[in-house]
Amino acid sequence: MGIKERYSRLRPLPPDISRRLEALPAVLAGHPLRLAYLFGSAARDPATASDVDLAVLPADGFSYPGLYADLSTALGTDRLDLADLRCASVLLQWEAVTTGRLLLAASPAEAVAYERLVRARYRDHRLRWGHRKRISGGGSMAIRRDFVHESLADLDQVAAELEKYAGVTAQAMARDLSLRWTVERGLLAGLTILFTVCEHILAAHFRRYPETYEGLLQDLRHAGVLPPALYERLKGSGGFRNVLVHEYVRVDLGQVAAALRGAPATFREFARAVEEWLASVPE
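All the letters of the sequence shown, read from the start, carry residue numbers 0 to 282 under numbering that gives the first Met the number 0.
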């Protein structure tokens with residue numbers, strides 16, 4: 000449904016919409032929000048806008064109906080789209096932070112961190128979409144066994160290096176930033192190799208293109224590449240990888256220490272599972 004159909008029975012935006020938009024920060028400040036953006040036609044040129052698009056990142060205690068009611072009253076219209084950034088698509092998040100106007104932020108650091116996260120997500124999305132188009136438009140694609148074998152050898156090397164830090168605790172990492180970075184980067188390197196192998200197998204052999212890291216693991220489990228027990232240990236590692244990469248959420252050093260203890264064995268078990276599956280696939 001387009002804008003004309005959605006708003007065909009509603010009056011146009013009030014003639015004084017520009018003035019009303021200026022009052023939005025005060026309205027938003029009365030609600031538990033971490034961030035709020037005005038984007039779309041109302042951000043570009045209120046005089047010619049057909050509706051008002053707002054994107055918000057709620058805090059605890061947020062009420063969608065309550066905020067919508069206050070916004071509708073303040074703007075004098077129901078030509079209002081209110082998007083929750085927690086469940087918005089990557090493309091909508093990208094549009095809001097890159098073309099929109101920041102109206103409210105719990106702190107400047109909050110806005111910087113969130114926008115950095117969205118930009119990183121968008122880059123990942125573009126890379127994955129480009130990879131998918133190249134594969135889908137290029138006919139059949141065989142598994143590159145040399146690439147898989149080399150990647151798994153690299154993963155074993157990462158596992159061996161992480162074993163040197165097996166006894167490191169959360170308290171030790173809290174005291175020693177260099178140690179913490181070493182451990183975190185090692186875990187990130189291993190997870191990046193692991194997910195790269197997952198994506199290649201799914202795209203080349205199964206013609207599957209999950210949108211998320213967790214989707215990669217689920218599809219490999221369903222395809223019989225990952226044993227159920229290994230999948231259960233790996234489940235959640237996609238989110239953990241994103242935390243390590245983007246550092247938007249404060250890293251829980253207890254979680255890092257726990258991941259460090261199990262990572263070498265898990266990485267090696269993943270490599271064995273992939274090698275066994277690959278041996279069963281005709282060349």
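Built from N, CA and C at the ideal position, the CB exists for glycine as well.
Checklist line | Reference Y36, options A48, S49, P57, I16, closest by Cα | finding: P57
Check: From T72 to G60, what does the alpha carbon distance come to, in whole angstroms?
Finding: 21 Å
Margin query: Within a Cβ cutoff of 7 Å, which residues of the same chain sit near H190, ignoring the five residues on either side of it in sequence?
Written below: With the sequence shown as reference, residue 190 is identified as Leu, and His is not the correct amino acid for it. Answer for L190: S236, R240, listed in chain order.
Check: Per DSSP, A54 forms a beta bridge with which residues?
Finding: Y36, A82
Notebook entry, point to check: What number of angstroms, rounded off, separates the C-alpha of V242 from the C-alpha of D251?
Noted result: 9 Å
Note to self: As a quick exercise: from V255, R271, V55, pick the residue whose alpha carbon is nearest that of L154.
What the structure shows: R271
Notebook entry, point to check: How far does the alpha helix (DSSP H) with L252 in it reach, from first residue to last?
Noted result: 252-278
Item checked: Supposed close pair R232, G261 - CB separation, criterion 8 Å -> 7 Å
Checklist line | Where L243 falls: helix, strand or coil (DSSP) | finding: helix
Next item on the list: Please classify R122: does DSSP put it in a helix, a strand, or coil?
Entry: helix
Check: Nearest to A51 by CA position, among L32, D123, R143, G75, is which residue?
Finding: Going by the sequence as given, residue 51 is Val instead of Ala. Nearest C-alpha to V51: G75.
Check: How long is the line joining the alpha carbons of L215 and A158, rounded to whole angstroms?
Finding: 21 Å
Item checked: For D80 and A87, the rounded distance between their alpha carbons -> 12 Å
Checklist line | Coarse secondary structure for D15, derived from DSSP in three states | finding: coil
Note to self: Taking the straight line between their C-alpha atoms, what separation do you get for L53 and A82?
What the structure shows: 6 Å
Next item on the list: For A158, name the three-state secondary structure that DSSP assigns.
Entry: helix
Check: Does DSSP put L66 in a helix, a strand or coil?
Finding: helix
Item checked: Pick from I16, I192, R206, A112 that is closest to E149, judged by C-alpha positions -> I192
Next item on the list: Report back the beta-carbon spacing between V280 and L151 to the nearest angstrom; my notes put them in contact at under 8 Å.
Entry: With 8 Å as the limit, V280 and L151 do not qualify as a contact, their Cβ atoms being about 15 Å apart.
Notebook entry, point to check: Do you know offhand how far P31's Cα is from L116's?
Noted result: 21 Å
Checklist line | Coil, strand or helix - R206 by DSSP | finding: coil
Notebook entry, point to check: Buried or exposed: D44, going by 16 or more other Cβ atoms within 10 Å of its Cβ?
Noted result: exposed
Next item on the list: Under 6 Å Cβ to Cβ from D218, same chain only, skipping five residues before and after it: list those, please.
Entry: L201, R207, P209
Checklist line | Minimum C-alpha distance to T265 - residue among G99, P227, G253, E21 | finding: P227
Notebook entry, point to check: Does the beta-carbon distance from L9 to D77 come in below 9 Å?
Noted result: yes
Next item on the list: Measuring only between beta-carbons, confirm whether S17 sits less than 9 Å from chain C.
Entry: Going by chain labels, chain C is absent from the structure shown, which holds only one protein chain.
Check: With a CB to CB cut of under 6 Å and the five nearest residues on each side skipped, what residues in its chain are close to G39?
Finding: D52
Check: Apart from the five residues on each side of it in sequence, which residues of its chain come closer than 7 Å, Cβ to Cβ, to I2?
Finding: Confidence in I2 is poor, its pLDDT being 39 and thus under 50, which makes the residue's placement too unreliable to answer from.
Check: Does the beta-carbon of A256 have 16 or more other beta-carbons within 10 angstroms, so that it is buried, or is it exposed?
Finding: buried
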